[in-house]
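**Student:**
Protein chains: 2
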Amino acid sequence: MSKDITIYDIAKDAGLSPATVSRALNDHPTVREKTKSKIFKIASKLGYQSNIFAANLRTNRSNNIGVIVPMLDSKFQASVIAGMETVASEAGFNLLISQSLNSQEKELANVHTMFKSRVDGLLVSQTSNEFGTQHFKPFFRKNIPVIFYDRVGNCDNCLGIVIDNVNAAYTATKHLLEQGYKRIFHVLGSEKIDVYRDRLKGYKLALIENHIAYNGDLVMFSKLSEDACEDIIEKMQELEQMPDALFVSNDGCAANCIQVLKSKGICVPDDIAVVGFNNDGISRLVEPNLTTINYPGQEMGEIAMKSLLQRLEDPSSTTLNQTEKISLRSELIIRDSSVKK
Amino acid sequence: MSKDITIYDIAKDAGLSPATVSRALNDHPTVREKTKSKIFKIASKLGYQSNIFAANLRTNRSNNIGVIVPMLDSKFQASVIAGMETVASEAGFNLLISQSLNSQEKELANVHTMFKSRVDGLLVSQTSNEFGTQHFKPFFRKNIPVIFYDRVGNCDNCLGIVIDNVNAAYTATKHLLEQGYKRIFHVLGSEKIDVYRDRLKGYKLALIENHIAYNGDLVMFSKLSEDACEDIIEKMQELEQMPDALFVSNDGCAANCIQVLKSKGICVPDDIAVVGFNNDGISRLVEPNLTTINYPGQEMGEIAMKSLLQRLEDPSSTTLNQTEKISLRSELIIRDSSVKK
DNA sequence: ATAATAATTGAAATCGATTGTATTTTTATT
DNA sequence: AATAAAAATACAATCGATTTCAATTATTAT
Numbered sequence: 001m002s003k004d005i006t007i008y009d010i011a012k013d014a015g016l017s018p019a020t021v022s023r024a025l026n027d028h029p030t031v032r033e034k035t036k037s038k039i040f041k042i043a044s045k046l047g048y049q050s051n052i053f054a055a056n057l058r059t060n061r062s063n064n065i066g067v068i069v070p071m072l073d074s075k076f077q078a079s080v081i082a083g084m085e086t087v088a089s090e091a092g093f094n095l096l097i098s099q100s101l102n103s104q105e106k107e108l109a110n111v112h113t114m115f116k117s118r119v120d121g122l123l124v125s126q127t128s129n130e131f132g133t134q135h136f137k138p139f140f141r142k143n144i145p146v147i148f149y150d151r152v153g154n155c156d157n158c159l160g161i162v163i164d165n166v167n168a169a170y171t172a173t174k175h176l177l178e179q180g181y182k183r184i185f186h187v188l189g190s191e192k193i194d195v196y197r198d199r200l201k202g203y204k205l206a207l208i209e210n211h212i213a214y215n216g217d218l219v220m221f222s223k224l225s226e227d228a229c230e231d232i233i234e235k236m237q238e239l240e241q242m243p244d245a246l247f248v249s250n251d252g253c254a255a256n257c258i259q260v261l262k263s264k265g266i267c268v269p270d271d272i273a274v275v276g277f278n279n280d281g282i283s284r285l286v287e288p289n290l291t292t293i294n295y296p297g298q299e300m301g302e303i304a305m306k307s308l309l310q311r312l313e314d315p316s317s318t319t320l321n322q323t324e325k326i327s328l329r330s331e332l333i334i335r336d337s338s339v340k341k
Numbered sequence: 001m002s003k004d005i006t007i008y009d010i011a012k013d014a015g016l017s018p019a020t021v022s023r024a025l026n027d028h029p030t031v032r033e034k035t036k037s038k039i040f041k042i043a044s045k046l047g048y049q050s051n052i053f054a055a056n057l058r059t060n061r062s063n064n065i066g067v068i069v070p071m072l073d074s075k076f077q078a079s080v081i082a083g084m085e086t087v088a089s090e091a092g093f094n095l096l097i098s099q100s101l102n103s104q105e106k107e108l109a110n111v112h113t114m115f116k117s118r119v120d121g122l123l124v125s126q127t128s129n130e131f132g133t134q135h136f137k138p139f140f141r142k143n144i145p146v147i148f149y150d151r152v153g154n155c156d157n158c159l160g161i162v163i164d165n166v167n168a169a170y171t172a173t174k175h176l177l178e179q180g181y182k183r184i185f186h187v188l189g190s191e192k193i194d195v196y197r198d199r200l201k202g203y204k205l206a207l208i209e210n211h212i213a214y215n216g217d218l219v220m221f222s223k224l225s226e227d228a229c230e231d232i233i234e235k236m237q238e239l240e241q242m243p244d245a246l247f248v249s250n251d252g253c254a255a256n257c258i259q260v261l262k263s264k265g266i267c268v269p270d271d272i273a274v275v276g277f278n279n280d281g282i283s284r285l286v287e288p289n290l291t292t293i294n295y296p297g298q299e300m301g302e303i304a305m306k307s308l309l310q311r312l313e314d315p316s317s318t319t320l321n322q323t324e325k326i327s328l329r330s331e332l333i334i335r336d337s338s339v340k341k
């Protein structure tokens, strides 16, 4: 295995010092253009490839950004990552990605690994908001920026990129009301999570605006897992009057509900309308197609990464007093499951 | 920002040399146990964190494995990555992941980035098999192991981890025949791709075994995109006799076909059975649920990573004369779309 | 043409861990 | 106790790029 070409080889070939070669390759302004082009020519002639290990050691930066995701199994996650990647590679950074697989233990391990790898910054969508942010302390101490997205942790000096959940739920609920549905059953994830508290706010807002009294019996907190729909439908049927619409905070769960409802001979959307959340691929495949909220994954990824890079450039911008949030607009996608034929 | 603790700090505190500290921390056998424990105690007291940049430079290894994936949007991809991650982190490696988003240009860029990042090895599921493996040359030249999985490129000295496509297609076809379906329309991706040629073999094998003549009109090559199903169904209807079963090499496409068939008043599975491939989430959501082939993502990821790590340990094992393949068993999941009521 | 100033380039230290070889310490043997 | 052998530790070079400060060269003004 032949040895790698270094700046010393280039320097010798060019009759210059390694210092000048280094500066030329980094496009430093004090190097004459003529010298630069000479060096670049030799570099490509010799097939020079910068040794990032040496550069990392000297500059104490890895040019890697860590990303911790619950799971890489949806179009949404894929597009968030794609957005991040676009912005990062533009700026010369790579992504060190790991899945927490919805395990807090794994999230903990991932955070630790990222720290050992000396990533320059961290983007996190948390396993659970209830997990806290204690485990990011090593990052905070070293002033390495940590930015949350989608599932956002609460901590001082942290930034979170989220969708405007209040507005999203408001829009979905309003749509149902406009279609003439009045008794809207709303299924959410854990009450402890901001995301769902916000959505509940949006739901209430739409009701108030349409002069409909809020009824706590029509709101349910659930795990939103694929098998949670049995419980959901059971709970609906226990009510003295069956709801005429179902607004579930997750497409997978909503899709399954449709299946169960159909199997019970309940017609969607005539007997009951269904609205989901996320615009998963599933939503276009259940029968009837699911009305849902689309959120801009790509954009979220881009904004999260941009914010991170900005903090790397200007560390003073990290000094916030509490979790600051950037909310993205989401959009309602109306399909058959919520429109009376 | 206080300075990081180095092995020199530990050495001073322990009254030993940095060399011994380094060896102790790496659990080198020539260091006395007593010395080791002393050093570990001091290291943790001082909050020492190894500087991987320095280690990387000295050892000329990054401890990063690059992974290039078409897109991170399915359970299958997520579980492959999870499998890789499990094995890698066990051995002290991290994953540098990037999506090619089905663009050859992007795959090219990713490969280049991975090379610049000096990953110790590369795991690739290619955008397209027709893309060739020219762009991996820098890796080959430096003897950095590249292993393909799922979508496997053809090249000398390369290993590919695939499923046993012959057997998978054989099993699916046999199942249809056993259910009494006789005219099975088989839709595949490009003829140039091994994967599909193998599946065609399996299809033929099952026919022969059941004394049914092979009919080329019943085989179609397609892009398998979500909107390809119009063509598929059109082609089926052009036949003098309509097929009674449809075996499509992709769940998404198969699911769409079901939708289109239903919209045309053709009943699945009574008029025509449908079998897909991949066991995507979709398959459990179309109506009727889709019979499909499940392949072991987690296992594939684990095996790919294990093979890679083995080559890192023993570089001589890289010397193969051509693409060698490891085939994994897949399983047929029978659901409503292929079982007559 | 010459001094003064600006523009380039070079020398050498540095980042922190690793490792081949030399040296010291410990243990075993007679 | 003295010596040989083995075990443990230290010295010092090294990996390759970056960067401060000093030195040199080029440019401008007088």
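Those sequence lines, one after another, are chains A and B. For what it's worth, full-length UniProt numbering labels the leading residue of the first sequence as 1, then goes sequentially. For what it's worth, full-length UniProt numbering labels the leading residue of the second sequence as 1, then goes sequentially. Ideal Cβ placement from N, Cα and C applies to all residues, glycine included. Because the structure is a prediction, the values reported are computed rather than measured.
1) Apart from the five residues just before and just after valine 286 of chain A, which ones in its own chain have a Cβ nearer than 6 Å to its Cβ?
2) Between the region 138-151 of chain B and chain A, which residues of the former have a C-beta closer than 8 Å to a C-beta of the latter?
3) Confirm the yes/no value for this check: CB of leucine 205 of chain A, any heavy atom of the ligand FMN, distance under 7 Å.
4) Helix, strand or coil for alanine 273 of chain B, going by three-state DSSP, please let me know.
5) Taking Cβ-Cβ distances shorter than 7 Å, what residues in chain B pair up with methionine 71 of chain A?
6) If we ignore side chains and look at the alpha-carbon of each, how far apart do cysteine 267 of chain B and lysine 341 of chain A end up?
7) Going along the chain, which residues of its own chain have a beta-carbon closer than 7 Å to the beta-carbon of threonine 127 of chain B, five neighbours each way excluded?
8) Could you please tell me which residues of the region 117-132 of chain A, in chain order, have their CB closer than 8 Å to any CB of chain B?
9) Any Cβ of chain A within less than 8 Å of the Cβ of glycine 276 of chain B?
10) Going by other Cβ atoms of all chains shown within 10 Å of its Cβ, with 16 needed for buried, is isoleucine 10 of chain B buried or exposed?
11) Which residues bound the alpha helix (DSSP H) around asparagine 56 of chain A?
12) State yes or no: is the beta carbon of methionine 1 of chain A nearer than 8 Å to at least one beta carbon in chain B?
13) Compute the Euclidean distance between the alpha carbons of methionine 1 of chain B and lysine 142 of chain A, then round it to the nearest angstrom.
14) Which word fits isoleucine 293 of chain A, buried or exposed, when buried means at least 16 other C-beta atoms lie within 10 angstroms of its C-beta?
15) Would threonine 291 of chain A be called buried (16 or more neighbouring beta carbons within 10 Å of its own) or exposed?
16) At a Cβ cut of 7 Å, what residues of the region 258-288 of chain B count as close to chain A, listed as they run along the chain?
17) Given this structure, state the Cα-to-Cα distance separating aspartate 227 of chain B from cysteine 253 of chain B, to the nearest angstrom.
18) State the CB to CB distance for the pair residue 373 of chain A and serine 222 of chain A, rounded to an integer number of angstroms; the pair is presumed to be in contact (CB under 8 Å).
19) Would you mind listing the beta strand (DSSP E) stretches within the region 8-87 of chain A that are 3+ residues and don't spill past its ends, in chain order?
20) For isoleucine 334 of chain A, which three-state DSSP category applies?
21) Among B/Leu205, B/Ile7, B/Ala169 and B/Asn250, which one has its Cα closest to the Cα of lysine 45 of chain B?
22) Can you give the beta carbon distance from aspartate 150 of chain A to serine 117 of chain A, rounded, assuming they're within the 8 Å contact cut?
23) Is any beta-carbon of chain B found at less than 8 Å from that of lysine 192 of chain A?
24) Can you tell me which of B/Asn157, B/Phe185 and B/Gln298 puts its alpha carbon nearest to the alpha carbon of methionine 242 of chain B?
25) Going by beta carbon distance, what residues of the same chain come within less than 8 Å of aspartate 251 of chain B, once the five residues before and after it are set aside?
26) Let me check one thing: in DSSP terms, what residues is methionine 305 of chain A bridge-paired to?
27) For chain A, check one thing: does any of its Cβ atoms lie closer than 8 Å to the Cβ of lysine 75 of chain B?
28) Under a three-way DSSP split, which group does lysine 341 of chain A fall into?
29) Considering just the uninterrupted stretch of the alpha helix (DSSP H) at phenylalanine 139 of chain A, what are its terminal residues?
30) Alpha carbon to alpha carbon, what distance is there between cysteine 158 of chain B and lysine 182 of chain B?
31) Which of the residues in the UniProt domain "HTH lacI-type" (5-59) of chain A, read from start to end, lie with their CB under 8 Å from any CB of chain B?
32) Against leucine 96 of chain A, what residues of chain B qualify as contacts under a CB-to-CB distance less than 9 Å, listed in chain order?
33) Grouping DSSP H, G and I as helix and E and B as strand, with all else coil, what is phenylalanine 131 of chain B?
34) What does DSSP give as the partner residue(s) for leucine 101 of chain A in the beta ladder?
**Tutor:** Taking the coordinates as given:
1) If you number the first sequence from 1, residue 286 of chain A lands on position 286. Ala255 and Ile258.
2) For the region 138-151 of chain B, the residues whose beta carbon sits under 8 Å from a beta carbon of chain A are, in order, Lys142 and Asn143.
3) The ligand FMN is absent from the structure shown, which contains no ligand whatsoever.
4) Start at 1 with the first residue of the second sequence, and residue 273 of chain B comes out as number 273. Of the three classes helix, strand and coil, the one that applies to alanine 273 of chain B here is strand, per DSSP.
5) One-based indexing of the first sequence puts residue 71 of chain A at position 71. Chain B residues near methionine 71 of chain A: Ala78.
6) Residue numbering aside, residue 267 of chain B sits at position 267 when the second sequence is read from its first letter. Residue numbering aside, residue 341 of chain A sits at position 341 when the first sequence is read from its first letter. Computed Cα separation, rounded: 23 Å.
7) Indexing the second sequence from 1 puts residue 127 of chain B at position 127. Shown here for threonine 127 of chain B: same chain residues with a beta carbon closer than 7 Å to its own, the five before and five after excluded, namely Pro70, Ser100, Asn102, Ser103, Gln104 and Glu107 in chain order.
8) If the cut-off is 8 Å between Cβ atoms, the region 117-132 of chain A has Ser117 and Arg118 near chain B.
9) For this step, residue 276 of chain B is matched to residue 276 along the second sequence. No, because no Cβ of chain A sits closer than 8 Å to the Cβ of glycine 276 of chain B.
10) In the second sequence, the residue the question calls residue 10 of chain B occupies position 10. Result: buried.
11) The residue you call residue 56 of chain A lines up with position 56 of the first sequence. Where asparagine 56 of chain A is concerned, the enclosing alpha helix (DSSP H) stretches over 52-59.
12) Counting from 1 along the first sequence, the entry for residue 1 of chain A is found at position 1. Residue confidence is low: methionine 1 of chain A scores 48 on pLDDT, short of 50, so the model does not pin down where it sits. Its coordinate-derived value is still stated next. Judged by the 8 Å Cβ criterion, methionine 1 of chain A is in contact with chain B.
13) For the purposes of this step, residue 1 of chain B is taken as residue 1 along the second sequence, with counting starting at 1. For the purposes of this step, residue 142 of chain A is taken as residue 142 along the first sequence, with counting starting at 1. Low confidence applies here, because methionine 1 of chain B scores a pLDDT of 48, under 50, leaving its location unreliable and the question unanswered by this model.
14) Numbered from 1 along the first sequence, position 293 holds the residue referred to as residue 293 of chain A. With a 10 Å radius around the Cβ and a threshold of 16 neighbouring Cβ atoms, isoleucine 293 of chain A comes out buried.
15) The sequence position of residue 291 of chain A within the first sequence is 291, counting from 1. So threonine 291 of chain A ends up on the buried side.
16) If you check each beta-carbon in the region 258-288 of chain B against every beta-carbon of chain A, the ones closer than 7 Å belong to Gly281, Ile282, Leu285, Val286 and Glu287.
17) The residue given as residue 227 of chain B occupies position 227 in the second sequence. The residue given as residue 253 of chain B occupies position 253 in the second sequence. Aspartate 227 of chain B and cysteine 253 of chain B: Cα-Cα distance of roughly 8 Å.
18) What the structure shows of chain A is the stretch from 1 to 341, and residue 373 of chain A is not part of that stretch, so it cannot be assessed.
19) Listed in chain order, the beta strand (DSSP E) runs fully inside the region 8-87 of chain A are 64-69, counting runs of at least 3 residues.
20) By 1-based counting over the first sequence, the position of residue 334 of chain A is 334. Coil, per DSSP.
21) If you number the second sequence from 1, residue 45 of chain B lands on position 45. It is B/Ile7.
22) Taking the first sequence and counting its residues from 1, one reaches residue 150 of chain A at position 150. Taking the first sequence and counting its residues from 1, one reaches residue 117 of chain A at position 117. Aspartate 150 of chain A to serine 117 of chain A, Cβ: 23 Å. No contact.
23) Stepping through the first sequence from its first residue, residue 192 of chain A is reached at position 192. No - not a single Cβ of chain B is within 8 Å of the one on lysine 192 of chain A.
24) As a working mapping, residue 242 of chain B is identified with position 242 in the second sequence. Closest by alpha carbon: B/Phe185.
25) If you number the second sequence from 1, residue 251 of chain B lands on position 251. In chain order, Gly276, Phe277, Asn278, Asn279, Asp280, Ile282, Ser283, Leu290 and Thr292 place their CB closer than 8 Å to the CB of aspartate 251 of chain B, counting only its own chain and leaving out the 5 sequence neighbours on each side.
26) Start at 1 with the first residue of the first sequence, and residue 305 of chain A comes out as number 305. Beta-bridge partners of methionine 305 of chain A (DSSP): none assigned.
27) Position 75 of the second sequence holds residue 75 of chain B. Taking Cβ atoms only, chain A reaches closer than 8 Å to lysine 75 of chain B, which makes this a yes.
28) Mapped onto the first sequence, residue 341 of chain A falls at position 341. Lysine 341 of chain A falls in the coil class under three-state DSSP.
29) Mapped onto the first sequence, residue 139 of chain A falls at position 139. Where phenylalanine 139 of chain A is concerned, the enclosing alpha helix (DSSP H) stretches over 137-141.
30) In the second sequence, residue 182 of chain B corresponds to position 182, counting from 1. In the second sequence, residue 158 of chain B corresponds to position 158, counting from 1. One C-alpha to the other measures close to 40 Å.
31) Closer than 8 Å at the C-beta level to chain B, one finds these residues of the UniProt domain "HTH lacI-type" (5-59) of chain A: Gln49, Ser50, Asn51, Ile52, Phe53, Ala54, Asn56 and Leu57.
32) As a working mapping, residue 96 of chain A is identified with position 96 in the first sequence. Chain B residues near leucine 96 of chain A: Asn64, Asn94, Leu95, Leu96 and Ile97.
33) Indexing the second sequence from 1 puts residue 131 of chain B at position 131. Correct three-state label for phenylalanine 131 of chain B: helix.
34) Along the first sequence, one-based indexing puts residue 101 of chain A at 101. The partner list for leucine 101 of chain A (beta bridge, DSSP) is empty, contrary to what the question assumes.
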